[in-house]
Amino acid sequence: MNATTDPKRARELASRESDGLAVRLVWHPSEDALTVSVTDSRTGDRFQLAVDRKRALDAFYHPFAYAA
368 MNATTDPKRA RELASRESDG LAVRLVWHPS EDALTVSVTD SRTGDRFQLA VDRKRALDAF
428 YHPFAYAA
């Protein structure tokens, strides 16, 4: 099985970039978990949050509110 068909491989569900910030919503099927990751290309800062599936899209659009 290759990387593109591996059912345990993390899958990007959504991504967006604006003003140097890249935000990704990723599903990890082996744990059935969702994360939101944020990378600031201007500073190199980055963080990742585990998010509840009911709040995943809201966390994707407002990651700093969930990081606080």
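Numbered according to my numbering, the sequence shown spans residues 368 to 435. C-beta atoms are modelled at their ideal positions from N, C-alpha and C, and glycine is treated no differently. Predicted, not measured: the structure shown is a model, and the values here were computed from it.
Check	Outcome
Return yes when the Cβ of glycine 387 is within less than 9 Å of the Cβ of arginine 409, no when it is not.	yes
Using only the alpha-carbon positions, how far apart do alanine 423 and arginine 376 sit?	19 Å
To the nearest angstrom, how far is the alpha carbon of threonine 402 from that of glutamate 384?	17 Å
From this set, Arg391, Pro396, Pro374, which residue's C-alpha is nearest phenylalanine 414's C-alpha?	Arg391
Within a Cβ cutoff of 6 Å, which residues of the same chain sit near alanine 389, ignoring the five residues on either side of it in sequence?	Thr406
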